[in-house]
Amino acid sequence: AMIQGGMGVAAGGNINPDAGGTSMFEPMGGSAPKYTGQNVINPIAAISAMAMLLEQTGHEQAGARVLDAVQKVTGTKMKSQAAGKMGHGTTEIGDLVVEALGSK
């Protein structure tokens, strides 16, 4: 996770190679309990994990749209990937991704 820019940035998947097998997707990193309720955690990894899930379950176009929206937000709307330094709160980053999805 640190190579990609820090905790909260990398998404991961435990992919079952068997057709119809169960796979699991999650943001990489810890739970960061010290930030509970502060609206400062970067939600990009969780959103990207959801995009991976969409792609793996046959919704490639939807997954690609989510990743495009994430790239737009991380490339133009965020000051930093670090918790508390993004220039926006957690919910605002989520709203920006939703807004970017709607702009296509």
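Just so you know, my numbering puts 1012 at position 6 of the sequence shown, and the rest follows in order with no gaps.
A virtual CB, placed ideally from N, CA and C, is assigned to each residue, including glycine.
| said: Let's see if you can read the secondary structure: which residues bound the beta strand (DSSP E) around Ala1088? | reply: Within the sequence shown, numbered from 1, the residue matching residue 1088 stands at position 82. Careful: Ala1088 lies outside any beta strand (DSSP E) and carries neither H nor E.
| query | Given a threshold of 16 other Cβ atoms within 10 Å of its Cβ, counted over all protein chains shown, does Ser1109 qualify as buried or as exposed? | reply | Walking along the sequence shown from the start, residue 1109 turns up at place 103. Under this definition Ser1109 is an exposed residue.
| query | Between Ala1070 and Ile1099, what straight-line distance do the alpha-carbon atoms span, to the nearest angstrom? | reply | If you number the sequence shown from 1, residue 1070 lands on position 64. If you number the sequence shown from 1, residue 1099 lands on position 93. Going by the C-alpha atoms only, they are around 18 Å apart.
| task | Enumerate in chain order the residues of its own chain whose CB-to-CB distance from Leu1102 is below 6 Å, with the five nearest sequence positions on each side excluded. | result | Translated into positions along the sequence shown, residue 1102 becomes position 96. Around Leu1102: Val1079 and Lys1083.
| request: Could you work out which residue in Asn1020, Pro1039 and Ala1025 is closest to Gly1064 when comparing CA atoms only? | output: Locating residue 1064 in the sequence shown gives position 58, counting from the first residue. Comparing Cα positions, the closest option is Ala1025.
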